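Here the structure comes first, spelled out in structure tokens, and everything after it is commentary.
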Amino acid sequence: MLKTTQSTKLAIFGAAPAFTQKLHVGRPNIGDREQLMKRINDVLDRKWFSNNGKYVQEFEKKLAEFTGAKHCIAMCNGTIALEIVIRALGLTGEVIVPSFTFVATAHALQWQEITPVFCDIDPETHTLDPAQVERLITPRTGGIMGVHVWGSPCQIDELTELAQRRNLKLAFDASHAVGCSYKGRMLGNFGEAGVFSFHATKFLNAFEGGAVVTNNDELAAKIRLMKNFGFGPGYDNVMYVGTNGKMNEMSAAMGITGLESVDDFIATNYRNYKQYQAELRNLPGVRLVPYNEAEKNNYQYIILEIDEWEAGISRNELVKVLHAENVLARRYFYPGGHKMEPYRSYFPNAHLLLPETEKLTEKVMSLPTGTGVTPEDISKICGIIRLAIQESDRVRRALQDELLATVPTDKQLETEITVR
Ligand code: T4K
Numbered sequence: 012m013l014k015t016t017q018s019t020k021l022a023i024f025g026a027a028p029a030f031t032q033k034l035h036v037g038r039p040n041i042g043d044r045e046q047l048m049k050r051i052n053d054v055l056d057r058k059w060f061s062n063n064g065k066y067v068q069e070f071e072k073k074l075a076e077f078t079g080a081k082h083c084i085a086m087c088n089g090t091i092a093l094e095i096v097i098r099a100l101g102l103t104g105e106v107i108v109p110s111f112t113f114v115a116t117a118h119a120l121q122w123q124e125i126t127p128v129f130c131d132i133d134p135e136t137h138t139l140d141p142a143q144v145e146r147l148i149t150p151r152t153g154g155i156m157g158v159h160v161w162g163s164p165c166q167i168d169e170l171t172e173l174a175q176r177r178n179l180k181l182a183f184d185a186s187h188a189v190g191c192s193y194k195g196r197m198l199g200n201f202g203e204a205g206v207f208s209f210h211a212t213k214f215l216n217a218f219e220g221g222a223v224v225t226n227n228d229e230l231a232a233k234i235r236l237m238k239n240f241g242f243g244p245g246y247d248n249v250m251y252v253g254t255n256g257k258m259n260e261m262s263a264a265m266g267i268t269g270l271e272s273v274d275d276f277i278a279t280n281y282r283n284y285k286q287y288q289a290e291l292r293n294l295p296g297v298r299l300v301p302y303n304e305a306e307k308n309n310y311q312y313i314i315l316e317i318d319e320w321e322a323g324i325s326r327n328e329l330v331k332v333l334h335a336e337n338v339l340a341r342r343y344f345y346p347g348g349h350k351m352e353p354y355r356s357y358f359p360n361a362h363l364l365l366p367e368t369e370k371l372t373e374k375v376m377s378l379p380t381g382t383g384v385t386p387e388d389i390s391k392i393c394g395i396i397r398l399a400i401q402e403s404d405r406v407r408r409a410l411q412d413e414l415l416a417t418v419p420t421d422k423q424l425e426t427e428i429t430v431r
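Residue 14 in my numbering sits at position 3 of the sequence shown, and the numbers go up by one each step.
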């Protein structure tokens with residue numbers, strides 16, 4: 012255990028930052044670089060860059076096998092994949108979504124003039140609370156979009172039962188959930204369809220990319236048309252209104268290469284998770300959000316909940332302490348979709364129905380993990396957190412002083428006014 016007297020070593024007290032270079036959350040996993048370069052060179056040599064090329068087809072096949080889903084349709088990113096699923100399902104009116112998610116989930120609806128109705132979450136799983144979903148159903152409700160936040164599965168059985176009973180479409184934003192399971196079955200397979208993101212920061216990345224997986228033949232066929240301008244087989248054969256959601260060959264090459272290393276990524280993430288768990292154990296006010304180890308997980312997110320009263324400092328203060336040390340912890344998903352535009356203007360009272368979301372967005376933070384982070388880095392990060400909490404009074408005072416130092420003095424204000 013680090014001694015309290017070492018607190019002078021914190022950067023907010025003037026010491027050198029613990030890390031000379033910035034340590035990011037969301038550093039991309041790369042996999043076997045040699046294999047990747049081989050594939051990239053092959054793409055360049057064959058001069059086939061897009062439009063359902065060899066690597067896209069291979070990626071779709073491998074991802075379908077990996078998830079156990081019947082169909083996989085690769086796309087240029089997760090947001091377009093969400094938009095296309097929403098459209099292909101014929102959703103209209105209102106769709107119930109969590110506010111506690113990346114804003115793309117709501118935007119994919121609003122973009123098509125469908126109203127995202129923000130629903131509160133279960134504070135344990137950080138995913139939709141089915142009882143609250145039911146309360147929000149109106150005659151205008153067309154469907155439910157659950158989000159497997161952090162790869163943690165929604166309460167899928169309850170949501171499925173509810174959707175069937177109320178005759179609603181159910182789909183899942185599984186952007187975080189490649190490689191995760193629910194009752195032993197891979198996420199992506201539930202509801203009408205599941206959407207993955209392969210953004211650079213995701214567990215499996217394709218630089219940028221996304222995919223829809225589904226077991227519904229008709230839906231899959233529709234989505235394939237929609238993501239390619241509505242083109243059917245042969246030349247000049249437009250059968251449907253569509254857009255450009257295609258994945259390119261470079262992205263697919265990256266995706267395939269990453270898929271080959273998935274076990275290594277998981278092993279590293281798991282090792283990191285267990286180390287964080289051990290080193291943050293018994294720290295007052297700090298809860299490392301646990302994974303259900305009975306399921307498959309990608310362990311991609313290290314999520315802390317900070318209880319300000321127990322820890323003596325708030326989540327925001329801890330984030331400031333870490334940033335001063337060059338550890339760029341993030342406040343995902345702050346402040347919640349309902350407090351972002353245009354939603355906060357459309358629904359200024361939404362917070363009244365979102366008490367758990369409101370609480371969570373004030374206490375949750377994400378720490379660096381993945382293949383770019385070493386065990387030594389993690390020890391240092393945990394040491395900083397431990398010190399900050401041991402010395403919470405001093406940390407608080409220092410941050411308040413810093414805040415006061417940014418408030419202009421009367422003299423400065425006077426000068427400013429005279430200059431104007
Ligand atoms: N649904 C959910 C639940 C999602 O989380 C997302 C995406 C989507 C839907 C939409 O899928 P996509 O259309 O994106 O495929 C990032 C990502 O841009 C976004 O894809 C992701 N969610 C979201 C959770 O995180 P920011 O605003 O946090 O990105 P940024 O630039 O601050 O980067 C995050 C961290 O990653 C930084 O510490 C730097 C590091 N980073 C980032 C990039 C791009 C790298 O180290 N290398 C990189 O190349 O949104």
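Note that beta-carbon positions come from the ideal geometry of N, C-alpha and C, so glycine has one too. Remember, predicted model here, so these are calculated numbers, not experimental data.
Could you pull the start and end residues of the alpha helix (DSSP H) that residue i belongs to?
i    : result
M261 : E260 to E271
G394 : P386 to Q401
I23  : Neither: I23 is in no alpha helix (DSSP H) and is coded neither H nor E.
M48  : R44 to R57
I167 : I167 to R176
H118 : A115 to Q121
Y343 : Premise fails: Y343 is in no alpha helix (DSSP H) and is neither H nor E.
H334 : R326 to A335
R355 : Y354 to Y357
DSSP puts residue i in a beta bridge; with which residues?
i    : result
C83  : V224
E105 : T126 and T152
V206 : D184 and V223
L315 : L299 and M376
F11  : This structure cannot speak to residue 11, because the chain is shown only from 12 to 431.
I132 : L139
G199 : Answer by DSSP bridge pairing: none, since G199 is not bridged.
G157 : F183
N293 : According to DSSP, which records beta bridges pairwise, N293 is partnered with nothing at all.
May I ask you to report which of helix, strand or coil DSSP gives residue i?
i    : result
P127 : strand
F77  : helix
V96  : helix
N280 : helix
L34  : strand
V144 : helix
Y193 : strand
G162 : helix
K14  : Caution is warranted here: a pLDDT of 42 is assigned to K14, below 50, making its placement in the model unreliable, and no coordinate value can be reported.
Going by CA-CA distance only, name the one from the options that's closest to residue i.
i    : options                   : result
Q121 : E135, I132 and V106       : V106
T90  : V223, M250 and R282       : V223
I125 : D140, A399 and G154       : G154
F218 : A188, T268, K350 and I234 : T268
Y287 : I313, A278, S208 and A232 : I313
N309 : L230, F242, K257 and L215 : L215
N327 : K49, V300, K257 and A399  : A399
G220 : P386, A211 and S403       : A211
V406 : P353, V330, N283 and L339 : V330
V252 : G266, M237, S262 and D43  : M237
A2   : F70, A322 and W161        : Past the boundaries of the shown model lies residue 2; the chain is included only from 12 to 431, so the question cannot be answered.
A92  : R408, H118, V36 and T78   : H118
Residue range of the beta strand (DSSP E) that residue i falls in?
i    : result
M376 : V375 to L378
Assign residue i to one of two classes, buried (16 or more other C-beta atoms within 10 Å of its C-beta) or exposed (fewer than that).
i    : result
L363 : exposed
R98  : buried
Y66  : buried
T116 : buried
N259 : buried
D184 : buried
N248 : exposed
A361 : buried
W320 : exposed
A289 : exposed
T31  : exposed
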